Amino acid sequence: MTRWFLLGAVLLASARLSVAQSLAPDTLLAHPAPAAPAVAQAQMAEMQAAEEADSVAARSLGEALRRGEFHAHARTVFMATRNRGAAPDYYAQGVGAGLRYESHAWHGLRVGVEGFFLKNLFSSALAAEPGRPESRYELGLFDQEHPHHREILHQVEELWVSWQPRAGLQLTYGRQHLDTPLLNSQDSRLSPNFVQGLWAVAKAGPTTTVQGGWLTHVAPRSLDRWYTLGEAVGRYSMGVAPDSSRAAYLGRVPTPGLAVLGVRRTLGPHATVQAWQYFAPRLLAASWLEGTRTFARPAGRWTASGQLLWQRSLTGQAGGPTNQRYNEPGEQARALSGRLAYQHRAWQYAAQYTRLTAHGRFLFPREWGREPFYTTLPRERIEGAGDVHALGATVAWQRPHAPRLEAGYGYFRLSREARLNKYSLPDFHQLNLTATHAFAGAADGLRLRTLYAAKWGANRASYLPARAINKVDLHHLTVALDYAF
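Now the structure itself:
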């Protein structure tokens, strides 16, 4: 672990003026974002824009503040879930809007702030009632801890100061938006995740990007306040403990924060590799490695990608009830995910496979981010499980100025043992149909996304109908409209 951060410190210290190369984005993985290339590209673009803007430097702090820019963003989302048979159904419509300000640079310094509010316009009953479980997806649009709350919710999402001491190096402290493979914004509701801490991004040569930092707080989506990283763990569903009892570790996770280090390198014009390390004292350590290689052919382009994950628990010696621990002392997890994709003109095809071994459960707090495996589909995840085989296929079509149409299928085989199935998911199939359109002209900045998801159990005789509610044997619809200006 120490070697990782020493390496990062050396690379950050030696960063020099250069522009990191990047490959064209892989549109098959537009949702969810699979890993960090998009992060590095976005942050490098921000640094380059800052360097260009600084060519006409502000002469005073007041001038820097006056020359700042405002950006606004509005979003409305409708969700509906229909469960099988007599099980309850849910629906909700929410709206949110935010205003963001970022100053001009003054001696390399910038400040930024963003506020956001959201409101439940109308919905079915979302809270748990006798004989009726709480909503899983629709409640996530609002505040999960206060499901009866119908008032306007608001909070300061970003509040940061950034310093660029020299070209190719940027330091940011405060409340900010970050996306890495495991810690990410998981932006599929009204408002995404935000984190608080110190973050550094550096260009260490023409083909290498280094970033990392120390984070202490998080504002998880679907919750209306900021928490320390330890306090946040358990705010979402906690599932079951390895002994099948109901998990109850909320408020019992002692980690003071999360250290993150990531390195991404472009290997020529057709390959990239990235490595990430996550270290949460007294909780967990995780290593992530991903590589991508493209092969251009006259008839089209092939892309082969692979992901490796290794994780171990840092929980101390066992003490107290099992259900009061987030993970078990000595617990480990290993994962392999692969993908082969082919693109020909407007068509894109991909096949994916993910294997979580039986060494233990893959655990990374859902309040901190969403897993990036190639087989992951919107509206489900396999975090919390071990001994998993997942198969997937995706086909997409898009032409310039036309909507993007995509269909994704997955089959997930999970263990029936509680020690390897935290959320008691049965084996299941999932089909997603997505249409996304970014408008142009007079409606520039407007984006519409529609998602239909169907999930059904692979063997209904293996689970009780009451355990399937909001997990399998359901149909789900999301319609989201965004406008940024």
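Here the sequence shown is numbered in the working numbering, starting from 101 and rising by one per residue. In this text, a Cβ means the ideal position worked out from N, Cα and C, and glycines have one as well. The model shown is predicted, which means the values in this text are computed figures rather than measured ones.
Sort the options by Cα distance to residue i and report the nearest one.
| i | options | result |
| --- | --- | --- |
| H537 | R499, R560, R516 and F473 | R499 |
| T366 | L491, P306, W299 and Y442 | P306 |
| S437 | A451, A535, P429 and S344 | A451 |
| G351 | R425, Q417, L533 and L408 | R425 |
| P354 | G330, A348, A371 and P369 | G330 |
| E471 | Y449, A267 and P281 | P281 |
| G406 | A435, Y378, A385 and R439 | R439 |
| Q544 | M338, Y583, Q530 and A558 | A small correction: the amino acid at residue 544 is Asp; Gln does not occupy that position in the sequence shown. Among M338, Y583, Q530 and A558, the Cα nearest to that of D544 belongs to Y583. |
| V219 | E234, P247, H459 and Y509 | Correcting the residue type first, residue 219 is Lys in the shown sequence and not Val. Residue P247 is the option with its Cα nearest to K219. |
| D343 | R364, P230, A518 and D573 | A518 |
| E251 | Y237, L221 and L577 | L221 |
| F170 | Y190, L226 and V211 | V211 |
| H489 | Y511, E480, A302 and S285 | Y511 |
| V67 | R397, P320, E258 and F464 | The first residue shown for the chain is 101 and the last is 585, placing residue 67 beyond what the model contains. |
| H459 | V295, Y190, R445 and A435 | A435 |
| H444 | E238, L383 and A396 | A396 |
| W497 | R461, A375 and T534 | T534 |
| G339 | E483, Q270 and D487 | E483 |
| P356 | W376, V333, A380 and Y349 | A380 |
| Y201 | D189, H173, R182 and N183 | H173 |
| G162 | Y378, W206 and W388 | W206 |
| A568 | Y523, F585, A540 and H254 | Y523 |
| V579 | Q270, R275, L290 and L269 | L290 |
| G231 | Y563, D189 and L384 | D189 |
| S337 | Y327, Y349, T328 and W326 | Y349 |
What residues match up with residue i in a beta bridge as DSSP calls it?
| i | result |
| --- | --- |
| F178 | Q193 and V579 |
| Q296 | R275 and H317 |
| R250 | DSSP output for R250 lists no bridge partner at all. |
| K303 | T309 |
| W206 | L209 |
| H173 | G198 and A584 |
| Q411 | A386 and A433 |
| N402 | What sits at residue 402 in the sequence shown is Trp, not Asn. Beta-bridge pairing links W402 to F395 and Y442. |
| T366 | T372 |
| W228 | Here residue 228 is Ala; the residue named in the question, Trp, does not match the sequence. Looking at the DSSP assignment, A228 forms no beta bridge with any residue, so it has no partner. |
| N521 | A485 |
| L463 | DSSP output for L463 lists no bridge partner at all. |
Taking the beta strand (DSSP E) that residue i falls in, what are its first and last residues?
| i | result |
| --- | --- |
| G557 | L546 to G557 |
| S223 | L209 to S223 |
| Q244 | Where Q244 is concerned, there is no enclosing beta strand (DSSP E), given that its DSSP letter is neither H nor E. |
| W447 | W447 to L456 |
| W260 | L253 to R266 |
| N532 | F528 to A538 |
| V373 | A371 to A380 |
| G438 | Q432 to H444 |
| R184 | Taken as a continuous stretch (DSSP letters only), R184 belongs to no beta strand (DSSP E), as it is neither H nor E. |
| G591 | The structure shown does not extend to residue 591, since the chain is modelled only from 101 to 585, so the question has no answer here. |
| L477 | Looking at the DSSP string, L477 is not in any beta strand (DSSP E), and its letter there is neither H nor E. |
| L505 | R504 to R513 |
Are the beta-carbon atoms belonging to residue i and residue j less than 9 Å from one another?
| i | j | result |
| --- | --- | --- |
| T422 | T454 | no |
| G198 | F217 | yes |
| L315 | L283 | yes |
| G215 | Q264 | no |
| V256 | T272 | no |
| L520 | R175 | no |
| A192 | A180 | yes |
| S413 | E390 | no |
| L514 | A561 | no |
| A386 | L361 | no |
| H317 | G297 | yes |
| P233 | N570 | yes |
| A371 | R393 | yes |
| R346 | Q244 | no |
| T494 | E480 | no |
| G194 | S223 | yes |
| R321 | S285 | yes |
| A502 | Q530 | no |
| R167 | S203 | yes |
| T309 | R364 | yes |
| P565 | A228 | no |
| L577 | L551 | yes |
| N293 | W468 | yes |
| A300 | Q311 | yes |
| A302 | Q270 | yes |
| W456 | L384 | The amino acid occupying residue 456 in the given sequence is Leu; Trp does not appear at that position. In this structure, L384 does not lie closer than 9 Å to L456 by Cβ. |
Less than 9 Å between CB atoms is the rule here; does residue i satisfy it with respect to chain C?
| i | result |
| --- | --- |
| K522 | Although the question refers to chain C, the structure presented lacks it and comprises just one protein chain. |
Got a sec, what are the start and stop residues for the alpha helix (DSSP H) residue i sits in?
| i | result |
| --- | --- |
| A566 | P565 to A568 |
| E163 | L161 to R166 |
> Which full runs of the alpha helix (DSSP H) of 4+ residues lie inside the stretch 315-363, going along the chain?
Replying inline: Within the stretch 315-363, the complete alpha helix (DSSP H) runs of at least 4 residues are 329-332.
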